[in-house]
Amino acid sequence: MAKSVYGYIAEAWKNLDSATMEELMRERYIKWRRGPTVVRIDKPTRLDRARAIGYEAKQGFVVARVRVKKGGLSKPRPNSGRRPKRMGVYGYAPEKPQQLIAEEKAARKFRNLEVLGSYWVGDDGIYEYFEVILVDPNHPSIKSDPDINWVTSPSQRGRVFRGKTMAGRRMRGLLGNRGVRGTHHWKWKKKAKERELRKRHEASRGARLILPQDKAKELGLEK
11 MAKSVYGYIA
21 EAWKNLDSAT
31 MEELMRERYI
41 KWRRGPTVVR
51 IDKPTRLDRA
61 RAIGYEAKQG
71 FVVARVRVKK
81 GGLSKPRPNS
91 GRRPKRMGVY
101 GYAPEKPQQL
111 IAEEKAARKF
121 RNLEVLGSYW
131 VGDDGIYEYF
141 EVILVDPNHP
151 SIKSDPDINW
161 VTSPSQRGRV
171 FRGKTMAGRR
181 MRGLLGNRGV
191 RGTHHWKWKK
201 KAKERELRKR
211 HEASRGARLI
221 LPQDKAKELG
231 LEK
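In short: position in the sequence shown from 1, add 10, done, that's the working numbering.
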C-alpha cells in the first residue's frame, strides 16, 4: 500500500539523526533561539501532527511556535538563615509538563483564541520548542464547521487552563484506561493509606518483641 504524504513526513521526523535532518534542525534551532518566546507562524512545521490534532488551512486557525526553558524551576537564592541544602533552590521541578506550559504561554499571548492542541518540534541544549494550534471561536468559518464548532461552546472557554487539552489530560492521568490513577489526588490517597498502615505496624512493635510462651519452651528460655 502506497504511503500518503503525511506518512512520509512522519517518517522523516522519526529519523532526526540523518545528515539532512540534522543540518536542517541545527539551522532552525539557531533561528528559533534568537526569536521571541511566542511567535505566530504561517504554516505548521509538522503538517502530519497538525492535521491529526484538527488543523485546517483556512481562516480561524492560528499556529504559534513556543519556546520553553528546559530544567527545573529558577528559584531565588536566600541570603542567609538556613543550610544550603534547605534553601529550596535546586531539585524543584514544575508539576506541569513542558508541553502544557507552552500551551498556556500561547493562550496568554492570544487571549481571544482557544488552544486546540500542540506537538513537539525540537529541543536544543537550553530550550524545548512546541507548536500550538489555536482556534478563533468567534470566527464565522469556525462556527459554521460542524467538525470544529464544538470549541465555540462556553464549556470550552479557557480549556487549556483547566487541563482539557491532550497535554492537560495526560498530566491528570485521564488518557487510556488508567482512570484516576497517576493523578496527584490518587497519589496523596495512596501515601496516606501507606502512612496509616505503617503507624499500625509500628504500634505493635513492642508486642512483637515479647517472646511467645511456646517459643520460649522450645528454645529453653523458660524461667
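Cβ atoms here follow ideal geometry from the backbone N, Cα and C, with glycine treated the same way.
Residue range of the alpha helix (DSSP H) that residue 42 falls in? 29 to 44
Please name the residue, chosen from 109, 135, 101, 145, that lies closest to residue 121 on a Cα-to-Cα basis. 145
Does the distance from the CB of residue 76 to the CB of residue 142 come in under 7 Å? yes
Mapping DSSP to helix, strand and coil, what is residue 106? coil
For residue 30 versus residue 131, is the C-beta spacing smaller than 7 Å? no
In terms of alpha-carbon separation, which member of 134, 14, 42, 164 lies closest to residue 74? 42
Touch test, the segment 56 to 68 against the segment 105 to 116, Cβ-Cβ under 8 Å, three pairs minimum: no
Taking just the CA atoms, how far does residue 104 sit from residue 51? 28 Å
Taking the runs of the alpha helix (DSSP H) that are 4 residues or longer, which of them lie wholly in the segment 69 to 123? 108 to 119
Excluding the 5 residues flanking residue 102 on each side, which residues of the same chain have their C-beta closer than 8 Å to its C-beta? 82, 83, 85
In whole angstroms, what separates the C-alpha of residue 36 from that of residue 178? 30 Å
Could you pull the start and end residues of the beta strand (DSSP E) that residue 51 belongs to? 48 to 51
Check whether the Cβ atoms of residue 126 and residue 181 sit closer than 7 Å, and answer yes or no. no
Classify residue 66 as helix, strand or coil using the three-state DSSP reduction. coil
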